[in-house]
Amino acid sequence: MEARMTSPANLDVITAIQHLYKAIHAGGVDGHLLALVDLRASQINGCSPCGFATIQAAKKAGETEERLHSVVAWRETPFDTDEERAALALTEAATRIQGGALGVIDEIWDAAVDHFSWPVCRLGLLGGWRSPRTRLAVTRAPPAGLRHCSPTPENRS
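Quick note, in the working numbering, the sequence shown goes up one by one and the last residue is 235.
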């Protein structure tokens, strides 16, 4: 697959997305959990570059291969804590909002609040913020492995 564009989209848009990302990560939710949530949203959205970038970052943060490979089927695996399960359920509900999906129902919200209180909002935002990044990536069509949304010197071609 060859990228349609080699430079990032509008830098103002990218900068806004990066500020949102920083705010989410500054909110007190464990980085490992945010990586799992980000990976799940990337999987749901079908964004291979997003998933690739998230996996690379999670590995650098010390996440295990076993857990990363099981995120797609987290309900059927024994690797996640109740807190992580609540976060993954919230992410799925916040990300899947089309085709008759119910969205974030009270049961999912209440389970997340039981574990997170205020930072639960940041988890919901993480699922939501992945969507604009995914839309940029899908439009630009970068192959997995290329950094696709960060206006850094190495990808400003």
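The beta-carbon is built from N, C-alpha and C at its ideal position, and this holds for glycine as well. These numbers were taken from a predicted model, which means no experiment stands behind them.
- In this structure, L117 keeps its C-beta atom at 9 angstroms or more from the C-beta atom of A101.
- For E185, the enclosing alpha helix (DSSP H) stretches over residues D184 to F194.
- Closest by C-alpha distance to A139, out of N123, D158, A113 and V150, is A113.
- Taking 8 angstroms as the upper bound for CB-CB distance, L98 and A165 are not in contact here, some 18 angstroms apart.
- Judged by DSSP secondary structure, N88 falls outside any alpha helix (DSSP H); it is assigned neither H nor E.
- Comparing alpha-carbon positions, the option among G178, Q176 and A172 lying closest to D184 turns out to be A172.
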